[in-house]
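Undergrad: Next up is a structure, given as structure tokens.
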Amino acid sequence: MLKASVYVTIKESVLDPQGQAVKGALHSLGFREVAGVRIGKYMEIALDTDDRAQAEERIRAMCEKLLANTVIEDYRFELEGPER
Amino acid sequence: MNFGVLVFPGSNCDIDCFKAVEETLQQPVEYVWHTETNLSKYDCLIVPGGFSYGDYLRCGAIARFTNVMRALPEEADKGKLVLGICNGFQILLEAGLLPGAMLRNRTLKFRCHPARLRVESAETPFTRDYGEGEIITIPIAHGEGNYYCDEATLAELRKNRQIVFTYAGENPNDSVAGIAGICNRQGNVLGMMPHPERATDRLLGSEDGRRLFTSILNTWRERHGAAVVG
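As they're listed, the protein sequences go chains H and S. Position 70 of the first sequence, counting from 1, maps to 62 under the working numbering, and the rest follow consecutively. Position 126 of the second sequence, counting from 1, maps to 212 under the working numbering, and the rest follow consecutively.
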């Protein structure tokens, strides 16, 4: 079994209204050093395979097809599990 | 003219769309459950508003992989009319039938009120019964109607006259160029955030949405050599 941790965030070039609101809230709480907040999604995907190379390819396909909308979002992922 | 209103788990404007067609146009209309694979009998397909699949992951992201949405592009390629309203617009964007994507409203608020729109193009099959530049009142009801596309796409939309409706006055969601509705390059697929089906009778506060439906019927009649109404 492998575990994929997938992170999807709004692209740097696109305004993130939620991130802006949270940044404002942190400022109002006195965390003046907060220069920016971007909110995204974190997904854990359990994979019934031990083939890391194939898993990497399949996760990338999942991100491109469904997990991220690449018009507005970027994605990255990490794989955990038995090393070959 | 045969109308089909697609229905997904979580659709909630399907009945309004059905009634708008039935009462405004007196044309045959059916609900089409998302499992249907053949849409060939319909002349116009309406993708209604609501919260398909609970808006999980992203609005419209899961609905786009249903059977009906896999069958829809083939019908659109034949030149049939496709109207996506609100969540229906989001689904058409996710499906790639229209360019761009939706972001959360800039204010993060769910905005639900009548909105003034400018008809930017009266040359589409959906807007021929409006005047070019006419201001109409149609309600909006969405939390994610902040239309986004990059500069190159916006230039394309402008060049090909694909911007069909913009917000006149206040932009309720901070969409790019005040966009409220766009069509594809061929003009037969329209996506819009405002709800014309909720503006088909004065008792509803506005009947400015009626002409969107009469435009569809008149376009179809003209293509099929039947008498044009109105």
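Glycine is no exception: its CB is placed at the ideal position from the N, C-alpha and C atoms.
#1: May I ask which residues mark the beginning and end of the alpha helix (DSSP H) holding H19 (chain H)?
#2: Between which two residues does the alpha helix (DSSP H) holding C103 (chain S) run?
#3: When the Cα atoms are used, what is the spatial distance from T41 (chain H) to F69 (chain H)?
#4: Figure out for me which residue from S:E308, S:A201, S:G174 has the closest Cα to the Cα of L131 (chain S).
#5: For V29 (chain H), would you say it is in contact with chain S, using Cβ-to-Cβ distances shorter than 8 Å as the test?
#6: Are the CB atoms of R197 (chain S) and H228 (chain S) nearer to each other than 8 Å?
#7: Look up K(-5) (chain H) in the DSSP assignment and say whether it is helix, strand or coil.
#8: Whose Cβ in chain C lies nearer than 7 Å to the Cβ of Y234 (chain S)?
#9: Evaluate A45 (chain H) with the Cβ neighbour count: other Cβ atoms within 10 Å of its Cβ, from every protein chain shown; 16 or more gives buried, anything less gives exposed.
#10: Whole angstroms are fine: how far does the CA of A162 (chain S) sit from the CA of V133 (chain S)?
#11: Starting from N232 (chain S), follow the beta strand (DSSP E) in both directions and report where the run begins and ends.
#12: Measure the C-alpha to C-alpha separation of M188 (chain S) and E109 (chain S) and round it to an integer number of angstroms.
#13: Identify, in the order they occur along the chain, each residue of the same chain with its Cβ nearer than 7 Å to the Cβ of P40 (chain S), setting aside the five sequence neighbours on each side.
#14: Are N27 (chain S) and Q248 (chain S) closer than 8 Å when you measure CB to CB?
#15: Tell me where the beta strand (DSSP E) around P159 (chain S) begins and ends.
#16: Going by alpha carbons, who is nearest to E256 (chain S) out of S:V115, S:A201, S:E237?
#17: Could you tell me whether the Cβ of A13 (chain H) comes closer than 8 Å to any Cβ of chain S?
#18: Between which residues of its own chain and I222 (chain S) is the CB-CB distance below 6 Å, once the five residues before and five after are set aside?
#19: Going by beta-carbon coordinates alone, are F299 (chain S) and A157 (chain S) separated by less than 8 Å?
#20: Can you look up L184 (chain S) in the DSSP assignment and give me helix, strand or coil?
#21: Below 9 Å on C-beta distance, what does P9 (chain H) contact in chain S?
#22: Going by alpha carbons, who is nearest to R192 (chain S) out of H:V6, H:L21, H:Y(-1), H:T1?
#23: Measure how close the beta-carbons of I64 (chain H) and Y234 (chain S) come, nearest whole angstrom, since I'm counting them as under 8 Å.
#24: For L18 (chain H) and chain S, any beta-carbon pair shorter than 8 Å?
#25: From C99 (chain S) to P114 (chain S), what does the alpha carbon distance come to, in whole angstroms?
#26: Using a Cβ cut-off of 8 Å (strictly closer), state whether R144 (chain S) contacts chain H.
#27: Can you grab the Cα-Cα spacing for the pair G28 (chain H) / N246 (chain S), in whole Å?
#28: Under 8 Å Cβ-Cβ, which residues of chain H neighbour E180 (chain S)?
TA: Concretely, from the data shown:
#1: For the purposes of this step, residue 19 (chain H) is taken as residue 27 along the first sequence, with counting starting at 1. Element bounds for H19 (chain H): 9 to 20.
#2: As a working mapping, residue 103 (chain S) is identified with position 17 in the second sequence. Its alpha helix (DSSP H) spans residues 100 to 111.
#3: Residue mapping note: residue 41 (chain H) aligns to position 49 of the first sequence, counting from 1. Residue mapping note: residue 69 (chain H) aligns to position 77 of the first sequence, counting from 1. For T41 (chain H) and F69 (chain H), the distance between alpha carbons rounds to 16 Å.
#4: In the second sequence, counting from the first residue as 1, residue 131 (chain S) sits at position 45. Comparing Cα positions, the closest option is S:G174.
#5: One-based indexing of the first sequence puts residue 29 (chain H) at position 37. No, V29 (chain H) lies away from the interface with chain S (no Cβ there is under 8 Å from its Cβ).
#6: Along the second sequence, read from residue 1 onward, the residue named residue 197 (chain S) stands at position 111. Along the second sequence, read from residue 1 onward, the residue named residue 228 (chain S) stands at position 142. Taking 8 Å as the Cβ cut-off, R197 (chain S) and H228 (chain S) qualify as a contacting pair.
#7: Start at 1 with the first residue of the first sequence, and residue -5 (chain H) comes out as number 3. Here K(-5) (chain H) sits in strand by DSSP.
#8: Of the protein chains in the structure, H and S, none is chain C.
#9: Against the first sequence, residue 45 (chain H) aligns to sequence position 53. Exposed: under 16 other Cβ atoms inside 10 Å.
#10: Numbered from its first residue, the second sequence carries residue 133 (chain S) at position 47. Numbered from its first residue, the second sequence carries residue 162 (chain S) at position 76. Each residue's alpha carbon lies about 13 Å from the other.
#11: Against the second sequence, residue 232 (chain S) aligns to sequence position 146. Where N232 (chain S) is concerned, the enclosing beta strand (DSSP E) stretches over 232 to 234.
#12: As a working mapping, residue 188 (chain S) is identified with position 102 in the second sequence. As a working mapping, residue 109 (chain S) is identified with position 23 in the second sequence. Cα to Cα, the separation comes out at about 31 Å.
#13: This structure does not reach residue 40 (chain S), given that chain S is present from 87 up to 316, and the question cannot be answered.
#14: No information on residue 27 (chain S) is available, as it lies outside the stretch 87 to 316 that chain S covers here.
#15: Locating residue 159 (chain S) in the second sequence gives position 73, where the first residue counts as 1. Counting along the chain, P159 (chain S) falls outside any beta strand (DSSP E), though it belongs to the alpha helix (DSSP H) covering 153 to 163.
#16: If you number the second sequence from 1, residue 256 (chain S) lands on position 170. Nearest C-alpha to E256 (chain S): S:A201.
#17: What you label residue 13 (chain H) is simply residue 21 of the first sequence in a count that begins at 1. Yes - at least one Cβ of chain S is within 8 Å of the one on A13 (chain H).
#18: Sequence index remark: in the second sequence, residue 222 (chain S) carries index 136 (1-based). The answer, listed in chain order, is L203, D294.
#19: Position 213 of the second sequence holds residue 299 (chain S). Position 71 of the second sequence holds residue 157 (chain S). Not closer than 8 Å, so no.
#20: Position 98 of the second sequence, counted from the start, is the residue given in the question as residue 184 (chain S). Looking at L184 (chain S) - three-state DSSP - the assignment turns out to be coil, as it is neither helix nor strand.
#21: For the purposes of this step, residue 9 (chain H) is identified with residue 17 of the first sequence, where counting begins at 1. What P9 (chain H) touches in chain S: L189, R190, N191, R192, T193, L194, N232, D260.
#22: On the second sequence, position 106 is the one that residue 192 (chain S) refers to. Residue H:V6 is the option with its Cα nearest to R192 (chain S).
#23: On the first sequence, position 72 is the one that residue 64 (chain H) refers to. On the second sequence, position 148 is the one that residue 234 (chain S) refers to. The pair is a contact, with the Cβ atoms about 6 Å apart (cut-off 8 Å).
#24: One-based indexing of the first sequence puts residue 18 (chain H) at position 26. Output row for L18 (chain H): interface = no.
#25: Your numbering for residue 99 (chain S) matches position 13 in the second sequence. Your numbering for residue 114 (chain S) matches position 28 in the second sequence. Taking the straight line joining both Cα atoms gives about 18 Å.
#26: Position 58 of the second sequence, counting from 1, holds the residue named residue 144 (chain S). Yes, because at least one Cβ of chain H sits closer than 8 Å to the Cβ of R144 (chain S).
#27: In the first sequence, counting from the first residue as 1, residue 28 (chain H) sits at position 36. In the second sequence, counting from the first residue as 1, residue 246 (chain S) sits at position 160. About 37 Å.
#28: Against the second sequence, residue 180 (chain S) aligns to sequence position 94. Under the 8 Å cutoff, chain H gives N61.
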